[in-house]
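So for the sequence shown, our numbering puts the first residue at 432; every next one is plus one.
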Amino acid sequence: LYFKPGDSYGVFNTDVGCIGVAICYDLRFPEFIRGLVLKGAKIIFIPSEWPIQRIHHWRSLVIARAIENQVYVVASNRVGTDGRNVYGGHSIIVDPNGQILVEAGDDVETVLVCDLDLDLVEKVRRSLPLLTDRRPELYVY
432 LYFKPGDSYG
442 VFNTDVGCIG
452 VAICYDLRFP
462 EFIRGLVLKG
472 AKIIFIPSEW
482 PIQRIHHWRS
492 LVIARAIENQ
502 VYVVASNRVG
512 TDGRNVYGGH
522 SIIVDPNGQI
532 LVEAGDDVET
542 VLVCDLDLDL
552 VEKVRRSLPL
562 LTDRRPELYV
572 Y
């Protein structure tokens, strides 16, 4: 199963708060995740199919996206094979400080469950105001 590129951000207001959705390869683009956050997302969900040979990238990028955006990242990754690829698992939930709250292994389907304190997002942002200290007018694109 592969996805086609879209032309908008997936940000949704829900009963638990504002969530953003990125898919797999989107994780490699910090600007995309930042766009979700600037539209109000406090939790980013990232369903993925990352292969085992790049699992170090997966873990590092998930943690980095949580830290740089001061949000929760809930990232699920496929396990098993499809004939061409071996998928790396390691579904993970990371808090706005970059702390891993729970992580699955690499070879067994697992359901991860944990409580998310959305007040922590604002607390972290008050203590280190990264989003308000940004100076996008100076960034060269």
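Where a beta carbon is used, it is the ideal one built from N, C-alpha and C, also for glycine.
Please report the straight-line C-alpha distance between residue 484 and residue 496, rounded to a whole angstrom. 20 Å
What does the alpha-carbon distance come out to for the pair residue 535 and residue 509? 11 Å
Backbone CA spacing between residue 504 and residue 493 [nearest angstrom]: 7 Å
So for residue 463, helix, strand or coil by DSSP? helix
So is residue 561 buried or exposed if we call it buried at 16+ other beta carbons inside 10 Å? exposed
Cβ atoms of residue 552 and residue 502: under 8 Å apart, would you say? yes
Residue 558, DSSP secondary structure in three states: helix
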